[in-house]
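Position in the sequence shown counted from 1, then plus 8, gives you this note's numbering.
C-beta atoms are modelled at their ideal positions from N, C-alpha and C, and glycine is treated no differently.
All remarks here apply to the structure that follows.
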Amino acid sequence: MGTPLKLGSFALGLVFVFSAAFGLGSLAGPADSATATTTAHSDGGHDGAVAAAGPGEHVPAGLQITQDGYQLQPLSPALAVGRPQPFAFRIAGPDGAPVTGYTTSHDKDLHLIVVRRDLSGFQHVHPALAADGTWSIPLAVPAAGQYRVFADFRPAGRAEGLTLGADVPAPGDYRPRPLPAASRTATVDGYTVTLEGDLVPGASSKLTLSIAKDGAPVTDLQPYLGAYGHLVALRAGDLAYLHVHPDGAPGDGRTAAGPQVTFYAEVPSSGSYRLYLDFQHAGRVRTAEFTATAGTPAATPSATDHSHE
Ligand SMILES: [Cu+2]
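Structure below.
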């Protein structure tokens, strides 16, 4: 994937960039494992110690249908190919009842990510909540196959967010696509997005995405859900989920509306990841996709030792 760019250690000091949905940060520092289990996520300080977690280490977000008593319950047995059909689900709380109270995060009470198991067909949508706790949205997927749906939300009164994942099929002939090769450029609707920076397992990694249209830098990005960009990363192989928000916010006096959007992301292991950048320009939201490879672990050798999980 081109010449790797060295990350300065300055990136390690910036810890506020993690979505609460991604909890490896809770492994750092003195917190014992029981605390990590019950509080699930923390944006607390992290350093190389993150990678040193052994058995019992925190499970990345999105891999479980239930966590901390909350359960994602799809009510629709399948996704529709081509023509939108209602897709409904609910989040059951620790008492078993559907959760009806949520804390808004980035303008929405719940973010729904839909992607096929081969990492194609990514969608980031926002269902509507009914009074009884049922979420629903008209949804169509582009092709048949096994899909993963991620609900990224924070129940009211809970300090941290959760991301639960469930498999839902789109019946038909599944023709999986190989993961596209790693690349530093992506194109979508005449926009070219360039990725700088490298994913370093177990370390905060600065990623800068530069957006151009027809060869000219885009400097009038529009805020979308309270930010100039939203980045979701999914790990190839198991679809571990990271939702990363950019460094800085629109209107904070130091964040430009492009052409660059900077993120700090921490991936839990080496391997391949698919990155999905949502950005808004000229009134439309578009998604640029990249494959990126997280290389040799920066901190400790155990960062790659996930084989026992
Ligand atoms: Cu969203």
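Rounded to whole angstroms, what is the Cα-Cα separation between G245 and P225? Between the alpha carbons of G245 and P225 lies a distance of about 34 Å.
At a cut of 8 Å, does the region 210-219 reach the region 264-279 through at least three beta carbon pairs? Flag = yes, the region 210-219 and the region 264-279 touch.
Less than 7 Å between the beta carbons of A96 and Q79, yes or no? Taking 7 Å as the Cβ cut-off, A96 and Q79 do not qualify as a contacting pair.
Give me every residue whose Cβ sits closer than 6 Å to any heavy atom of ligand 1, in chain order. Those satisfying the condition are, in chain order, K116, H119, H132, H134 and L233.
Exposed unless 16 or more other CB atoms sit within 10 angstroms - verdict on A164: When all chains shown are included, A164 counts as exposed.
So L325 and Y249 are supposed to be a Cβ contact under 8 Å. How far apart are they, rounded? Nothing about residue 325 can be read from this structure; the chain reaches only from 9 to 317.
Under 7 Å, do A273 and S191 count as touching if we go by C-beta distance? Their beta carbons are not under 7 Å apart, which means A273 does not touch S191 by this criterion.
By Cβ distance below 8 Å, which residues in the same chain neighbour T227 in space, the five residues on each side in sequence not counted? Here T227 has A264, A265, G266 and P267 as same chain residues with Cβ atoms under 8 Å from its own Cβ, once five neighbours each way along the sequence are excluded.
With burial defined as no fewer than 16 other Cβ atoms inside 10 Å of the residue's Cβ, what is the status of A139: buried or exposed? Exposed, because fewer than 16 other Cβ atoms sit within 10 Å of the Cβ of A139.
Expressed to the nearest angstrom, what Euclidean distance is found between the alpha-carbon atoms of Q230 and L170? Cα to Cα, Q230 sits roughly 27 Å from L170.
Segments assigned beta strand (DSSP E), at least 3 residues, entirely inside the region 141-172: DSSP runs (the beta strand (DSSP E)) wholly in the region 141-172: 142-149 and 153-161.
What does DSSP give as the partner residue(s) for I99 in the beta ladder? The secondary-structure analysis by DSSP pairs I99 across a beta bridge with L80.
Using the Cα positions of Y182 and R156, report the straight-line distance between them to the nearest angstrom. Approximately 14 Å between the Cα atoms of the pair.
Can you tell me whether E274 is helix, strand or coil according to DSSP? E274 falls in the coil class under three-state DSSP.
Distance check for Y236 and F298, CA to CA, integer angstroms please. So the alpha carbons of these two residues sit roughly 18 Å apart.
In this structure, does DSSP put H251 in helix, strand or coil? Strand.
Enclosing beta strand (DSSP E) for G279 [first to last residue]: Judged by DSSP secondary structure, G279 falls within the beta strand (DSSP E) whose first and last residues are G279 to H289.
Measuring straight from C-alpha to C-alpha, what distance separates Y199 and A148? Each residue's CA atom was taken as its position, placing Y199 and A148 some 25 Å apart.
Quick check on A192: does DSSP put it in helix, strand or coil? Note that residue 192 is Arg in the sequence shown, not Ala. R192 falls in the coil class under three-state DSSP.
Please list, in chain order, all residues of the same chain as G279 whose beta carbon is under 7 Å from its beta carbon, the five residues on each side excluded. Once the five neighbours on either side are set aside, the close Cβ partners of G279 are R243, A244, G245 and A302.
Roughly how many angstroms lie between the CA atoms of I159 and G173, to the nearest whole one? Just to set this straight, residue 159 is Ala in the shown sequence, not Ile. Here the C-alpha atom of A159 lies approximately 6 Å from the C-alpha atom of G173.
Three-state secondary structure (DSSP) at T301? Three-state DSSP puts T301 in a strand.
In whole angstroms, what separates the C-alpha of G77 from that of G70? One C-alpha to the other measures close to 15 Å.
By a C-beta neighbour count over all protein chains shown, 10 Å radius and 16 as the cutoff for buried, is D260 buried or exposed? Exposed, since its Cβ has fewer than 16 Cβ neighbours within 10 Å.
Quick one: residues in its chain with C-beta nearer than 8 Å to the C-beta of R125, no 5 flanking neighbours on either side, listed in chain order? In chain order, G153, Q154, Y155, R156, D175, P184 and L247 place their CB closer than 8 Å to the CB of R125, counting only its own chain and leaving out the 5 sequence neighbours on each side.
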